[in-house]
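*Asks:* There's a structure below that I have some questions on.
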C-alpha cells in the first residue's frame, strides 16, 4: 500500500491569511494530482505536477512537487471563503493507478 | 457531456438487504474505481477495474462485489448491508495515471 499522508487534517483560518498543506509519502510517484471537493460534490482536479521540483501556480494557489517525487505541498495566499473545502492529493504509480491521500479539510472564516 | 453518472443519489437500506449502486461513464476510460468516504475523511478504495472483464480489490473490499462487463458500466453490489457500510460512495473513471473524473456520489444509510 502506497500511503499518502496529508497534514494538517483540519485547518481553520481567517480570510486573508496564508496557509500550506502537505502531502507526504515514502513512495515515489510518477506524478501527483491535487483535487478540491466541495460539500455534496465529487472531487475536482486542480492541478497535476509531473517533474521533481516542479512548481505550478493557479491564481492564489501554488503547488510544488518534491525533488524526489515523494511529497508535495499546496500553498494558498490570502485565503478566501471560496477556498473552503476538502483538499486531496493523489499519487500516480504505474499500473496501480491513483492513490488518494487522507485529505485536509480547510475552513476559511470571513 | 455526461461524464460519470451515479445512481441513486440517496438510499436507505435495512440491515441485511442487498442493493446495487450504478456507475456509468461516457468517456471511454479504461480505469474505473469505487471509493467510500466517511465523515471528515478522505477516499478509501473499495474495488477498481483496469478494463472490461478485469476487476481487483482495493483497500476495503469486504462486503462489496463488482463486475465490469462493458467499458461504460461498473456497478457496485452490497451483498448484505451493515450499519458500518453507511457512507458516501463515489465512482470515478480515468485513463491510467491521468485526471480522475468523479460522479456526484451516492449517500447510503444502513439502519
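Chains as they are written, first to last, in the numbering used here: chain A, 3 to 112; chain B, 11 to 121. Virtual Cβ for every residue (Gly too), placed ideally from N, Cα, C.
1) Spell out whether any CB of chain A is found under 7 Å from the CB atom of residue 99 (chain B).
2) Just to confirm my understanding: we take residue 66 (chain A), look at its own chain, exclude 5 residues before and 5 after, and list those with CB closer than 6 Å. What are they?
3) Under the rule that 16 or more other beta-carbon atoms within 10 Å means buried, what is residue 62 (chain A), buried or exposed?
4) From residue 120 (chain B) to residue 21 (chain B), what distance separates their C-alpha atoms?
5) Identify the residues that DSSP records as bridge partners of residue 78 (chain A): which are they?
6) For residue 57 (chain B), which of B:83, B:65, B:108 has the nearest alpha-carbon?
7) Which chain A residues are close to residue 51 (chain B), counting only those with a beta carbon under 8 Å from its beta carbon?
8) Using 8 Å for Cβ pairs, my map puts residue 1 (chain A) next to residue 50 (chain A). What's the rounded Cβ distance?
9) Is the stretch 95–105 of chain A touching the stretch 14–30 of chain B, taking contact as three or more C-beta pairs under 8 Å?
10) Cβ of residue 112 (chain B) less than 7 Å from any chain A Cβ?
11) Any Cβ of chain B within less than 7 Å of the Cβ of residue 47 (chain A)?
12) CA-CA distance, residue 94 (chain A) and residue 24 (chain B)?
13) Kindly say whether residue 68 (chain B), judged by its beta-carbon, lies nearer than 7 Å to any beta-carbon of chain A.
14) For residue 99 (chain A) and chain B, any beta-carbon pair shorter than 7 Å?
15) Report yes if the CB atom of residue 105 (chain B) is closer than 7 Å to the CB atom of residue 39 (chain B), and no otherwise.
16) Helix, strand or coil for residue 26 (chain B) per DSSP?
17) Between which two residues does the beta strand (DSSP E) containing residue 12 (chain A) stretch?
18) Reducing DSSP to helix, strand and coil, say where residue 73 (chain A) ends up.
19) What would DSSP say about residue 114 (chain B), mapped onto helix, strand or coil?
*Replies:* In terms of the structure at hand:
1) Translated into the one-based positions of the second chain, residue 99 (chain B) becomes position 89. Under the 7 Å criterion on CB atoms, residue 99 (chain B) is classed as non-interfacial with respect to chain A.
2) Here residue 66 (chain A) corresponds to residue number 64 of the first chain, with the count starting at 1. Only 57, 75 meet the Cβ criterion.
3) To locate residue 62 (chain A), count along the first chain from 1; it is residue 60. So residue 62 (chain A) ends up on the exposed side.
4) Walking along the second chain from the start, residue 120 (chain B) turns up at place 110. Walking along the second chain from the start, residue 21 (chain B) turns up at place 11. Cα to Cα, residue 120 (chain B) sits roughly 8 Å from residue 21 (chain B).
5) The residue you call residue 78 (chain A) lines up with position 76 of the first chain. In DSSP, residue 78 (chain A) forms a bridge with A:21, A:63.
6) As a first step, residue 57 (chain B) must be located in the second chain, where it is residue number 47. Proximity to residue 57 (chain B) across B:83, B:65, B:108 peaks at B:65, based on C-alpha coordinates.
7) For this step, residue 51 (chain B) is matched to residue 41 along the second chain. Near residue 51 (chain B) (Cβ distances below 8 Å), the residues of chain A are 104, 105.
8) It is not possible to answer for residue 1 (chain A), since the shown part of chain A is limited to 3 through 112.
9) no
10) As a first step, residue 112 (chain B) must be located in the second chain, where it is residue number 102. Chain A contact via Cβ: present.
11) As a position in the first chain, residue 47 (chain A) is number 45, starting the count at 1. Judged by the 7 Å Cβ criterion, residue 47 (chain A) is in contact with chain B.
12) As a working mapping, residue 94 (chain A) is identified with position 92 in the first chain. As a working mapping, residue 24 (chain B) is identified with position 14 in the second chain. Roughly 38 Å separates the two Cα atoms.
13) Here the question's residue 68 (chain B) lines up with position 58 in the second chain. With 7 Å as the cut-off, residue 68 (chain B) does not count as an interface residue toward chain A.
14) Along the first chain, read from residue 1 onward, the residue named residue 99 (chain A) stands at position 97. Judged by the 7 Å Cβ criterion, residue 99 (chain A) is in contact with chain B.
15) As a working note, residue 105 (chain B) is residue 95 in the second chain. As a working note, residue 39 (chain B) is residue 29 in the second chain. In contact: residue 105 (chain B) and residue 39 (chain B) (Cβ atoms closer than 7 Å).
16) One-based indexing of the second chain puts residue 26 (chain B) at position 16. Residue state, collapsed to three classes: coil.
17) Residue mapping note: residue 12 (chain A) aligns to position 10 of the first chain, counting from 1. From DSSP, the beta strand (DSSP E) with residue 12 (chain A) extends over 12–16.
18) Here residue 73 (chain A) refers to the residue found at position 71 of the first chain. In this structure, residue 73 (chain A) counts as strand in the three-state DSSP scheme.
19) Here residue 114 (chain B) is taken as the residue at index 104 of the second chain, counted from 1. Coil, per DSSP.
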